[in-house]
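Undergrad:
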Amino acid sequence: GAGVSQSPRYKVAKRGQDVALRCDPISGHVSLFWYQQALGQGPEFLTYFQNEAQLDKSGLPSDRFFAERPEGSVSTLKIQRTQQEDSAVYLCASSSIGRTNTEAFFGQGTRLTVV
Amino acid sequence: AQRVTQPEKLLSVFKGAPVELKCNYSYSGSPELFWYVQYSRQRLQLLLRHISRESIKGFTADLNKGETSFHLKKPFAQEEDSAMYYCALSPYSGAGSYQLTFGKGTKLSVIP
Chain A
385 GAGVSQSPRY
395 KVAKRGQDVA
405 LRCDPISGHV
415 SLFWYQQALG
425 QGPEFLTYFQ
435 NEAQLDKSGL
445 PSDRFFAERP
455 EGSVSTLKIQ
465 RTQQEDSAVY
475 LCASSSIGRT
485 NTEAFFGQGT
495 RLTVV
Chain B
553 AQRVTQPEKL
563 LSVFKGAPVE
573 LKCNYSYSGS
583 PELFWYVQYS
593 RQRLQLLLRH
603 ISRESIKGFT
613 ADLNKGETSF
623 HLKKPFAQEE
633 DSAMYYCALS
643 PYSGAGSYQL
653 TFGKGTKLSV
663 IP
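In structure tokens:
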């Protein structure tokens, strides 16, 4: 495809509801990253995949957040029992090789609003 | 833990005037520094990285390890430079975009 694709673009969830956010990386990209961007803030790192392996999940804010990439391409970020503080834009990025020295391309993001 | 500080939330300059977007960082090791830009209704994209030592769209940034700064500069601002600019740090030199820490961003507005 033309770039990293995220869906849905917008999601409104009632507090306590579970949500799933999807990321389609650029075809062939090995590395995939998730970031959370709260209003007025810069993006904050959540988790990193290399192919299907989740190598770093140090940024996930709580055990309500879970990410997977079972076949090493599409990734899903799941948030269980959403709370108001989860309202943010969730960004996905992918890059072509392992960690080293390469550019990550960002998706448009999913704006999650928890009411 | 690493931190990136962008002291200006908003910077307004006239077209043709010089631009300097400030970025300071704190990290004990040897990080890699980046500038990202987000134009209106577009996705976040890499503008430049310190290891490349490139000039992109007339912008340059020099890493000053003594002052722990990575300010973004352009001698003559253009209207199309109006955007949100984020300074970012990766704790692993040469690791590309892994585990980036971003500043809060500076909105640059170029006045015609």
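Chains A and B, in that order, give the protein sequences. Each number in the working numbering corresponds to the 1-based position in the first sequence with 384 added. Each number in the working numbering corresponds to the 1-based position in the second sequence with 552 added. Note that CB positions come from ideal geometry on N, CA and C, so glycine has one too. Model, not experiment: these values are computed from the prediction.
1) For the candidate residues B:Gly655, B:Leu660, B:Pro627, whose alpha-carbon lies nearest to that of Val556 (chain B)?
2) Below 8 Å on the Cβ atoms is my contact criterion, and I expect Phe566 (chain B) with Ala640 (chain B) to pass it. Report the Cβ-Cβ distance as a whole number of Å.
3) My understanding is that Thr497 (chain A) touches Ser471 (chain A), with C-beta atoms under 8 Å, so please give their C-beta distance in whole angstroms.
4) Between the region 593 to 601 of chain B and the region 485 to 495 of chain A, are three or more C-beta pairs nearer than 8 Å?
5) Give the range of the beta strand (DSSP E) segment to which Cys639 (chain B) is assigned.
6) Name the two residues that bound the continuous beta strand (DSSP E) containing Thr497 (chain A).
7) Please report the residue range of the beta strand (DSSP E) in which Gln420 (chain A) lies.
8) Name, please, each residue of chain B whose Cβ falls closer than 7 Å to the Cβ of Tyr432 (chain A).
9) Who does Asn616 (chain B) pair with in a DSSP beta bridge?
10) To the nearest angstrom, how far is it from the Cα of Gln468 (chain A) to the Cα of Ala397 (chain A)?
11) Is there contact between the region 449 to 466 of chain A and the region 406 to 424 of chain A, where contact requires at least three CB pairs shorter than 8 Å?
12) Are the CB atoms of Ser479 (chain A) and Glu487 (chain A) within a distance shorter than 8 Å?
13) In angstroms with no decimal places, state the Cα-to-Cα distance between Pro570 (chain B) and Ser564 (chain B).
14) Work out the CA separation of Ala386 (chain A) and Ala553 (chain B) for me, nearest whole Å.
15) Note down, in chain order, every chain B residue with its Cβ under 7 Å from the Cβ of Ser491 (chain A).
16) At a CB-CB cut-off below 8 Å, which residues of chain B make contact with Leu475 (chain A)?
17) Could you give the C-beta distance for Leu660 (chain B) and Ala635 (chain B), rounded to a whole number, given that I count them as a contact under 8 Å?
18) Decide if Arg465 (chain A) is buried, meaning its Cβ has at least 16 other Cβ atoms within 10 Å, or exposed.
TA: Taking the geometry as given:
1) Numbered from its first residue, the second sequence carries residue 556 (chain B) at position 4. Check the Cα spacing between Val556 (chain B) and each of B:Gly655, B:Leu660, B:Pro627: the tightest is with B:Gly655.
2) For the purposes of this step, residue 566 (chain B) is taken as the residue at position 14 of the second sequence. For the purposes of this step, residue 640 (chain B) is taken as the residue at position 88 of the second sequence. Approximately 28 Å separates the beta-carbon atoms of Phe566 (chain B) and Ala640 (chain B); this is outside 8 Å, ruling out the contact.
3) Residue 497 (chain A) sits at position 113 when you count from the first residue of the first sequence. Residue 471 (chain A) sits at position 87 when you count from the first residue of the first sequence. By a beta-carbon distance limit of 8 Å, Thr497 (chain A) contacts Ser471 (chain A). Their separation comes to about 5 Å.
4) Cβ pair count under 8 Å is three or more, so yes.
5) In the second sequence, the residue the question calls residue 639 (chain B) occupies position 87. Where Cys639 (chain B) is concerned, the enclosing beta strand (DSSP E) stretches over 635 to 642.
6) The residue you call residue 497 (chain A) lines up with position 113 of the first sequence. That run of the beta strand (DSSP E) goes 494 to 498.
7) Here residue 420 (chain A) corresponds to residue number 36 of the first sequence, with the count starting at 1. Segment 415 to 421, the beta strand (DSSP E) holding Gln420 (chain A).
8) Here residue 432 (chain A) is taken as the residue at index 48 of the first sequence, counted from 1. The answer, in chain order, is Tyr650, Gln651.
9) Residue numbering aside, residue 616 (chain B) sits at position 64 when the second sequence is read from its first letter. Beta-bridge analysis with DSSP links Asn616 (chain B) to B:Ser621.
10) As a first step, residue 468 (chain A) is located in the first sequence; it is residue number 84 there, counting from the start. As a first step, residue 397 (chain A) is located in the first sequence; it is residue number 13 there, counting from the start. In a straight line, the C-alpha of Gln468 (chain A) is about 9 Å away from that of Ala397 (chain A).
11) Verdict: yes, contact present.
12) Residue 487 (chain A) sits at position 103 when you count from the first residue of the first sequence. Residue 479 (chain A) sits at position 95 when you count from the first residue of the first sequence. Remark: C-beta atoms of Glu487 (chain A) and Ser479 (chain A) approach each other more closely than 8 Å.
13) Position 18 of the second sequence, counted from the start, is the residue given in the question as residue 570 (chain B). Position 12 of the second sequence, counted from the start, is the residue given in the question as residue 564 (chain B). The alpha-carbon atoms of Pro570 (chain B) and Ser564 (chain B) are separated by roughly 11 Å.
14) As a position in the second sequence, residue 553 (chain B) is number 1, starting the count at 1. As a position in the first sequence, residue 386 (chain A) is number 2, starting the count at 1. Distance between the alpha carbons of Ala553 (chain B) and Ala386 (chain A): 35 Å.
15) To locate residue 491 (chain A), count along the first sequence from 1; it is residue 107. One detail in the question is off: residue 491 (chain A) reads as Gly in this sequence, not Ser. Taking the beta carbon of Gly491 (chain A) as reference, the chain B residues within 7 Å of it are Arg595, listed in sequence order.
16) Residue 475 (chain A) sits at position 91 when you count from the first residue of the first sequence. Ordered by position in chain B, the residues that pass the 8 Å Cβ test against Leu475 (chain A) are Leu596.
17) On the second sequence, position 108 is the one that residue 660 (chain B) refers to. On the second sequence, position 83 is the one that residue 635 (chain B) refers to. Contact holds; Cβ gap of about 6 Å.
18) Here residue 465 (chain A) refers to the residue found at position 81 of the first sequence. So Arg465 (chain A) counts as exposed.
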